[in-house]
Each structure stands twice: as C-alpha cells, then as structure tokens.
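Colleague: In this note's numbering, the protein residues as written are 14 to 336.
To start, I am sharing the structure in question, which I have written as structure tokens.
Next up, the structure:
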C-alpha cells in the first residue's frame, strides 16, 4: 500500500481520504466583531486620520491622545490668522493675487506647517497699499523704495557690499542708517569692536543725527549678531520683523558687519547658511538689509559664497556695492 503524500500518522485529524481528495481542514469560525472593532468607513475607502483619532479617543476616554491635544492647541494658536482664501475674500481679490503679493513682500505673510501654507493677519491686510484693496486688481503694485548711494531701489532688498578700507566701510551704510534714523524707522546695526566704533564716529559726524537719543529710543539697535546658529538668527529676525509690522512700521533697515557676525556664529558655513535662508524671510517683509564684507578678512571662496547668497545684487550696480 502506497502512503499518499501529506499523510502524517502522528496527526489524528489527518486521513488518507482527505489527503487523496485534496480537501483542506475546516477553519474555526471567527468570533463576531465587537462594536469597538467596527470599521469607521467602508472597506472601499481608507479612513481619514481625523476619524481614526476620534475613534481612538472614544475607545479610551480616560487617556486622551497627544494628537488631540496638539490639534486643539494649534487651532487656538491660529485663531487670529487668516488663510489665503480668507485673505482674498477680505481684500476682494483672487487667491493668486494674494499669493503673488505675499511672495513680493507687499503683504506680510507667515508660513506654517510642513506644507508651508500661508497665513495672514487681518490688521496687516487692512493696512495693505491702496492698490491692493478691494476693487480692480492691479497689474503692478507700487512698492516702497529705499535710497542706496543716491539710487532708489524697491523694498524688500537684501544685498552684500564689499570694501577694502576703513573709510569704505561706512561710505554707503552710514548715510543709509542716518536716513532711517531721521525718518524714525527701526535701524539695526550688527557690529562690534572696531567695526562698531567706525559707525559711531560716522553717525556722530552726520548732521541732524543724535546717536545717544536714537539708541535710547530704540530707533537704533546695536547687536553683535542675531544668533549663534542659522536657526536662531532666522528666529530672531522673524520675531523682530513681525513686531515691526504690529507697530505699523513701513520700513526696517539693517546693516550687518559680517566680520563681527562670523565671530558669533558657530562656523563660517553656518553663517552663509543663514545668509542664504534669510532671503526667504526678507522677501516677506518691507526691509532693506546690507551685509558688509571686509575683503581684507575674508578668503576668496568666502567672497564667492557671499555673492551667491545675495541674488538681489543682480539688479544693483556693482560700482555701488564694491567700495
């Protein structure tokens, strides 16, 4: 007698008849699905994340998931912010116009979340330029301008200037800061040591400028650097520029002596990473920023990195920025 394939004498439920016929062992019936395991949606569609969170919370009412707490705090934090659609409705224009104007710095905007979605404040929209208000959608919005070396440039602008002498250090930037102090515009000077001394002397010698009064009133702010890392520096400017917007400031001016800033950053590459990333921040606010590079104290590759980090220089004469 030939033993069929699959026959095991040690298994009581195995027989030659079932092996010959190829029948499978009957499966045990599954228990009825409890109410807590009922799918939230039909099997043809994947349940939404919000439904899963709510179902989890309903099954465990005494252990609130962290995700729900996080979502609630986010809603509270964003309660005073408007989406792109809400901003467009408030201004009476299209969403495309709102996105374009925010990218150009005409309307202050905050980016949130992993998708970098735009958020706006109602008070900033209400103070938007006349051409942005409800009515006809302008093809070109009139921007604020700033004077650099006798030439007018649209704001926002973030450029680098290069000098090879102590006199060249303040030739462009001292008048730039003096104009802002006279107009009552916030001016930030990031310098220390001999670089800072040069500015104090130059501003003291400028007619109509009281440096002590400007420092006491907060119109002129002096610091060594905005932070030790790129993230800290960007966070500093984010808070500073939003604070200026809340105070209805039309223009913020800043001069950064990069020799001083380099001493405060963790490394030179970290400083240039901040320079590159700051372009995205500067475009969202009405600011004019000049980064000063003393070519006597920077290497050739560093100067090349400075050029690459300031794309706004393409619209400015090099004769103005090379001192």
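Idealized CB from N, CA, C, for every residue including glycine.
1. Enumerate in chain order the residues of its own chain whose CB-to-CB distance from residue 209 is below 7 Å, with the five nearest sequence positions on each side excluded.
2. Among 170, 322, 187, 258, which residue has its Cα nearest to the Cα of residue 233?
3. Please report how far the alpha carbon of residue 197 lies from the alpha carbon of residue 103, in whole angstroms.
4. Excluding the five sequence neighbours on either side, which residues of its own chain have a C-beta within less than 6 Å of the C-beta of residue 189, listed in chain order?
5. Taking the Cβ atom as the reference point for each residue, do residue 277 and residue 237 lie within a distance shorter than 8 Å?
6. Please list the terminal residues of the continuous beta strand (DSSP E) segment that includes residue 201.
7. Judging by CA-CA distance, which residue of 252, 239, 312 is the nearest neighbour of residue 287?
8. Quick check: the Cα distance between residue 270 and residue 137, rounded to an integer number of angstroms?
9. Going by other Cβ atoms of all chains shown within 10 Å of its Cβ, with 16 needed for buried, is residue 206 buried or exposed?
10. Determine the closest residue to residue 135 out of 99, 179, 170, 107, with distance taken between C-alpha atoms.
11. Express the C-alpha separation of residue 123 and residue 221 in angstroms, rounding to a whole number.
12. State the start and end residues of the unbroken beta strand (DSSP E) segment that holds residue 301.
13. Check residue 167 in the structure and name its three-state DSSP category.
Modeller: To lay it out plainly:
1. For this step, residue 209 is matched to residue 196 along the chain shown. Within the same chain, residue 209 has close Cβ partners 235.
2. For this step, residue 233 is matched to residue 220 along the chain shown. Residue 233 has its Cα closest to that of 187, out of 170, 322, 187, 258.
3. Locating residue 197 in the chain shown gives position 184, where the first residue counts as 1. Locating residue 103 in the chain shown gives position 90, where the first residue counts as 1. The alpha-carbon atoms of residue 197 and residue 103 are separated by roughly 30 Å.
4. For this step, residue 189 is matched to residue 176 along the chain shown. Same-chain partners within the cutoff: there are none.
5. Position 264 of the chain shown, counted from the first residue, corresponds to residue 277. Position 224 of the chain shown, counted from the first residue, corresponds to residue 237. Taking 8 Å as the Cβ cut-off, residue 277 and residue 237 qualify as a contacting pair.
6. For the purposes of this step, residue 201 is taken as residue 188 along the chain shown, with counting starting at 1. Unbroken beta strand (DSSP E) run through residue 201: 200 to 203.
7. Position 274 of the chain shown holds residue 287. Among 252, 239, 312, the Cα nearest to that of residue 287 is on 239.
8. Position 257 of the chain shown, counting from 1, holds the residue named residue 270. Position 124 of the chain shown, counting from 1, holds the residue named residue 137. Whole-angstrom Cα-Cα distance: 31 Å.
9. Here residue 206 corresponds to residue number 193 of the chain shown, with the count starting at 1. Exposed: under 16 other Cβ atoms inside 10 Å.
10. As a working mapping, residue 135 is identified with position 122 in the chain shown. Minimum Cα distance to residue 135 is reached at 99.
11. In the chain shown, the residue the question calls residue 221 occupies position 208. In the chain shown, the residue the question calls residue 123 occupies position 110. Distance between the alpha carbons of residue 221 and residue 123 is about 37 Å.
12. Looking up residue 301 in the chain shown gives position 288. From DSSP, the beta strand (DSSP E) with residue 301 extends over 300 to 307.
13. Within the chain shown, the letter at position 154 stands for residue 167. Note: residue 167 maps to strand in three-state DSSP.
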